[in-house]
Each structure stands twice: as C-alpha cells, then as structure tokens.
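Participant:
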Amino acid sequence: MSDAGQALYLHPGDTAPGDERPDRHEIAQGLIGYLIGLGLAALITVVAFFLAITGQLLVWGPSIPIALFVLAIAQMGVHLVFFLHITSGPDNTNNVLALAFGVLIVLLLIVGSLWIMTHLNQNMLPMDRIMQMQR
Amino acid sequence: MSAAQGTAGRDLRMGHAARDIVSKRIIVGYGFWIFLLSDIIMFSAFFAAYAVLSGQTAGGPSGRDVFHLHIVAIETACLLLSSFTCGVASIGARAHNSLMYYGSMAVTAVLGAAFLFLEAREFAGMNAIGAGPSRSAFLSSFFTLVGCHGLHVTLGLLWLLTMMAQVFAKGYRHDILRRILCFSLFWHTLDIIWIGIFTVVYLTGMAQ
C-alpha cells in the first residue's frame, strides 16, 4: 500500500526536451540513436520524392497527395523521437502534453482555414461572372 | 486511517522537495520547447494561407513552372544531414569532446549555409523570370512561407556560430550547455518545418 502511494506521489524525474534519459549518456548509444533516425528519415524522404516524380505511372493519381501527407507525418514522428527525444516515458509527460496542445492548435488553424475557404469558394460566383456584374 | 494520512503527507512533502530541486536545464529546455511550439503555430498559419492560395495564380506561373525538384532534393539532404550532425555536436558537448563538438558544429554550419545559398539562388531565379512575390497570391504566400523558414535558418546559423565562439571562450559551463540544448532544439525544429514545406509546397505542387 505504502509502495503504491509513494509511486503515485513521487516524481519519477523529468527530462528536458532534446535530452535523452539520464541513464543513456554513453557516446556510442547516443550516436546509434541519431544514426537510426537519419536512416529512417532518409528512407521516408527518398520514397516521398520518388512517389512525387514517378508516382503518376505507378499508382492512382488522386492517392498521391494523401500518401505524401502520410509520409510527412511519419517523418515528423521519426524526427521527434530520434532527434528531439520526445518519448512516451513518464519523464516526458510535460513535453508530450505541450506538444499535444501545439498539434491541436495547428490542426484547428489549418483544417479550419481550408474548410471555411473551400466552403466560401463553393458559394461564390466564378470570378468572370463577378467582373461581368461590375461592368 | 491516520497511518495512511501520515504517508500521504510525507509523500506530498517529498513531492514539494523534488519540485524545488528540478534542474535549471529542465526548466530552460521546457520553456524553449513552449516557444518552439508557438513558432510552429505561427508557421501553421502561413501553411494554411499557402494551402488556400496555392491555386490562385492570376494567370501567372504555377508551381510546376517554377519549381525544380532536384534543387529541392539537395536542399532537403543538406538540412537532414545538418540535423544529424547537430545531434552529434550535442553529444560531443555533453561529453566535453572538443573535436566532436567543433567538428560537427562546423559541418552543420557548412550544410546550413549550402541550404541558404541554394534557396537564395532559387528565389533570385524566380524573381528574374517575373515570378516574384507580387506576381500572384500563390507566389505571395509561397515567398512568405518559404522565406520565413529561410529567415529562421539564417538566424539559426548566426546562433550556431555564436555557440561555437562561446564554448571556445568560456568552455563547457552549465549555462553554455543549456544554450547548446536550446540551439539543437531550434535546429531540429527547423528541419521538421522543412518536412512540411517540401511535402506541401514542392512535392504536392509537382504531383498535381
């Protein structure tokens, strides 16, 4: 009981964003992490460029922007984990929560703008008709 | 009951003590992380503007006419490799390994400068063929978004050289190491924003 209580109240210790956990301060271990990140990021980038250049011949056209979007999100995740060392561990709760709030605002801004502006576009007269009416 | 209360009270006191000794490195890093997230939110507004306006070419050139993907690929490689060498530099700083720190910071600076050179040449070339920021809403939003990122890289490059000079003059002091932490967070974040730019602006623009 008292063990569970202590686990609840005691800080497990926090880690600054960008820092690795305090028990992983070996040079070799750090280098391996960055190398894995570099390899994964390079792989995703090459696939994205390949898809954008030759994708029209290989896959259904309208699916390409969605595929590019998914690859970009994946690469951002690789960068966050391997370069910025944002993890799901208890020492990273503060960093993850700040990131989650940032992502919420970014999504509201981008999705909201696109939603409203395409809706307005649909309800607008085409530009040449407006010009005619002004004449 | 009273025993449980006693335990809880002691735990809360320990929690308070633990809060007092949270290292300055964590506080500084967390504060800078909040700043970077607000910077990302500012960029998301430019991304939203670009996404809305990218089709409004006003009879001028579209993305397909002015983008050169092989240049963008080299720029992307420069930034990705510089993000890696920046990580190596932060390992070197923590280990007080000067060869590792100065060497990888110098490589990071060269890669960042190469990126800026390519971007400046791209902008100058577009201006020269009459595709400047005043040509259409598409080009206005393009230069705002990509130019703002380029401005960040320029400032990051100045900060990088400052950090090399500060370690040279003052050594691996705790406050200097905190600044190096903030700089590496900044540099990695610029690379994350570039992922958004090369996907949304260049690759999607060419695929359409």
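These protein sequences, in sequence, are chains A and B.
32 is the number that the working numbering gives to position 31 of the first sequence; each next residue is one higher, with no gaps.
31 is the number that the working numbering gives to position 9 of the second sequence; each next residue is one higher, with no gaps.
Ideal Cβ placement from N, Cα and C applies to all residues, glycine included.
(1) Can you give me the C-alpha to C-alpha distance between B/H171 and B/W216, rounded to a whole angstrom?
(2) Let me know the secondary structure DSSP gives B/Q78 once reduced to three states.
(3) Can you list, in chain order, the residues of the region 107-118 of chain A whose Cβ is nearer than 7 Å to any Cβ on chain B?
(4) Under DSSP, the alpha helix (DSSP H) around A/Y35 begins and ends at which residues?
(5) Is A/L100 close to chain B, meaning its C-beta is less than 8 Å from at least one C-beta of that chain?
(6) Enumerated in chain order, which unbroken segments of the alpha helix (DSSP H) with a length of 4 residues or greater are wholly contained in the region 74-158 of chain B?
(7) Can you find at least 3 beta carbon pairs, one from the region 141-154 of chain B and one from the region 163-178 of chain B, that sit closer than 8 Å?
(8) Whole angstroms is fine: what's the gap from A/V79's alpha carbon to A/A73's?
(9) Going by beta-carbon coordinates alone, are A/L32 and B/V110 separated by less than 8 Å?
(10) Answer with yes or no whether the minimum CB distance from A/I54 to chain B is below 8 Å.
(11) CA-CA distance, B/T211 and A/Q57?
(12) Which of helix, strand or coil does DSSP assign to A/G62?
(13) Which stretch, first to last residue, makes up the alpha helix (DSSP H) that contains B/P228?
(14) What residues in the region 66-94 of chain A have a beta carbon less than 8 Å from any beta carbon of chain B?
(15) At least one CB of chain B closer than 8 Å to the CB of A/I28: is that the case?
(16) Is there a Cβ from chain A that is less than 8 Å from the Cβ of B/L212?
(17) Going by DSSP in three states, A/I141 sits in which element: helix, strand or coil?
(18) So with Cβ pairs under 8 Å, would you call B/L133 a contact of chain A?
(19) May I have the straight-line CA-CA distance separating A/P18 from A/E27, to the nearest angstrom?
(20) If you measure from the beta carbon of A/L32 to each beta carbon in chain B, is any gap under 8 Å?
(21) B/R47 by DSSP, collapsed to three states: which one?
(22) Candidates B/L91, B/T79, B/L103: which alpha carbon is nearest A/A43's?
(23) Using a Cβ distance threshold of 8 Å, determine whether the region 67-76 of chain B contacts the region 148-163 of chain B, with at least three qualifying pairs required.
(24) Can you pull the chain B neighbours of A/P18, defined as C-beta to C-beta under 7 Å?
(25) Which same chain residues, not among the five before or five after B/D213, have their C-beta less than 7 Å away from its C-beta?
(26) With a threshold of 8 Å, are at least 3 pairs of Cβ atoms found where one atom belongs to the region 48-68 of chain B and the other to the region 143-160 of chain B?
(27) Within this structure, are the beta carbons of B/L133 and A/L85 separated by less than 8 Å?
(28) Go ahead and pull the three-state DSSP assignment for B/M186.
(29) For a contact defined as C-beta to C-beta under 8 Å, what are the partners of A/N96 on chain B?
(30) Specify the secondary structure class of B/Y52 as computed by DSSP and reduced to three states.
(31) I need the DSSP call for B/D197, collapsed to helix, strand or coil.
(32) Anyone know if the C-beta pair for A/L52 and A/L69 falls short of 8 Å?
Facilitator: Reading it off the structure:
(1) About 8 Å.
(2) Assignment of B/Q78 by DSSP, reduced to helix, strand and coil, places it in the coil class.
(3) Within the region 107-118 of chain A, the residues whose Cβ lies closer than 7 Å to some Cβ of chain B are V107, L110, I111, S114, L115, M118, listed in chain order.
(4) Per DSSP, the unbroken alpha helix (DSSP H) holding A/Y35 starts and ends at 28-59.
(5) Yes, A/L100 counts as interfacial toward chain B.
(6) Positions of the alpha helix (DSSP H) runs, each at least 4 residues long and wholly inside the region 74-158 of chain B, are given as 85-88, 91-116, 120-150 in order along the chain.
(7) Three or more beta-carbon pairs drawn from the region 141-154 of chain B and the region 163-178 of chain B are found closer than 8 Å, and the two stretches are therefore classed as touching.
(8) In this model, A/V79 and A/A73 are separated by some 10 Å (Cα to Cα).
(9) Going by C-beta atoms, A/L32 is nearer than 8 Å to B/V110.
(10) For A/I54, the closest Cβ of chain B is nearer than 8 Å.
(11) A direct Cα-Cα distance of roughly 31 Å separates B/T211 from A/Q57.
(12) Here A/G62 sits in coil by DSSP.
(13) In the sequence under discussion, the amino acid at residue 228 of chain B is Met, which differs from the Pro named in the question. Per DSSP, B/M228 belongs to the alpha helix (DSSP H) from 226-229.
(14) Under the 8 Å Cβ criterion, the region 66-94 of chain A contributes P66, L69, F70, L72, A73, Q76, M77, H80, L81, F84, L85.
(15) Yes, A/I28 lies at the interface with chain B (some Cβ there is under 8 Å from its Cβ).
(16) By this cut-off, B/L212 is not an interface position.
(17) Residue 141 of chain A is absent from the structure shown; chain A starts at 2 and stops at 136.
(18) By the rule that beta-carbons nearer than 8 Å mark a contact, B/L133 does not touch chain A.
(19) Inter-residue distance for A/P18 and A/E27 is about 18 Å (C-alpha atoms, whole angstroms).
(20) At a cut-off of 8 Å between beta-carbon atoms, A/L32 makes contact with chain B.
(21) DSSP places B/R47 within a helical segment (H, G or I) once states are collapsed to three.
(22) For A/A43, the closest of B/L91, B/T79, B/L103 by C-alpha to C-alpha distance is B/L103.
(23) The answer is yes - the region 148-163 of chain B touches the region 67-76 of chain B, with three or more Cβ pairs under 8 Å.
(24) Near A/P18 (Cβ distances below 7 Å), the residues of chain B are G51, Y52, W55, L207.
(25) Answer for B/D213: L101, L102, S105, listed in chain order.
(26) The region 48-68 of chain B, when compared against the region 143-160 of chain B, does not touch it at the 8 Å Cβ threshold.
(27) Not in contact: B/L133 and A/L85 (Cβ atoms no closer than 8 Å).
(28) If DSSP states are grouped into helix, strand and coil, B/M186 belongs with the helices.
(29) Annotation: Cβ neighbours of A/N96 in chain B (cutoff 8 Å, chain order): Y52, W55.
(30) Of the three classes helix, strand and coil, the one that applies to B/Y52 here is helix, per DSSP.
(31) Here B/D197 sits in helix by DSSP.
(32) In this structure, the beta-carbon distance from A/L52 to A/L69 falls below 8 Å.
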